[in-house]
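Sequential numbering of the sequence shown, starting at 81, is according to the working numbering. Note that CB positions come from ideal geometry on N, CA and C, so glycine has one too. To start, the structure itself, in structure tokens.
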Amino acid sequence: MRRRKPRELEADLDMTTFINLMVVLLAFLLVTSAFTELSQLQVNLPSGGGAGGADAPKPLVLEVSIYKDKFVVADRQSGPMKIVAATAQGPDFKGLNEYLVTVKTSYPSVTEVTLLLEPTTDYDTLVHTMDSVRYKPREVNGQWIKASLFPDIGIGDAPASAEAGGAS
């Protein structure tokens, strides 16, 4: 009986195709990342406890309660200031913005607002309300720009509709 020697196999790995694939993927990643724009919106959540201290109360603590059929603009310290009823097309974002512009002229140093939402408030309504609260559109040299209104936005839960300043 003859014993055969096992043959030695030489495996030659061709990495050229893999390297070509990596070069193409790297180029694709660099090209697509150059055109990606991310935006962030800073939202302040309400704190758990009340702050006690010697701080003087602010002149205005603005709250906008979002209900299905109205917006209630209120000062946390003194109560409701205005109720902006919804139109036949839906929430009156323009009316809310116009009233907040008048509030801003009375309190130009205030930049904070708290949006109070019903549990059933949809995302689209929240985003449009945030836009109405943050910016006031105005025309400068024939072009429309967004001027700052109340850019510091907090979010919380709205009280029941009857508590927020009247019946529907």
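GLY175 carries a helical assignment under DSSP once its states are collapsed to helix, strand and coil. A check of alpha carbon separations from LEU229 across ALA166, LYS216, LEU195 identifies LYS216 as the nearest. A residue is called buried when at least 16 other Cβ atoms come within 10 angstroms of its Cβ; ASN177 meets this threshold and is buried. Boundaries of the alpha helix (DSSP H) around VAL207: 203 to 214.
For ARG218, the pairing in a beta bridge is given by DSSP as ILE225. In this structure the segment 164 to 173 does not touch the segment 219 to 237; the number of beta carbon pairs closer than 8 Å is below three. With contacts defined as CB atoms closer than 8 Å, VAL193 and VAL213 qualify as a contacting pair.
Leaving aside the five residues that flank HIS208 on each side, the residues in its chain whose CB is nearer than 8 Å to its CB run, in chain order, PRO171, PHE173.
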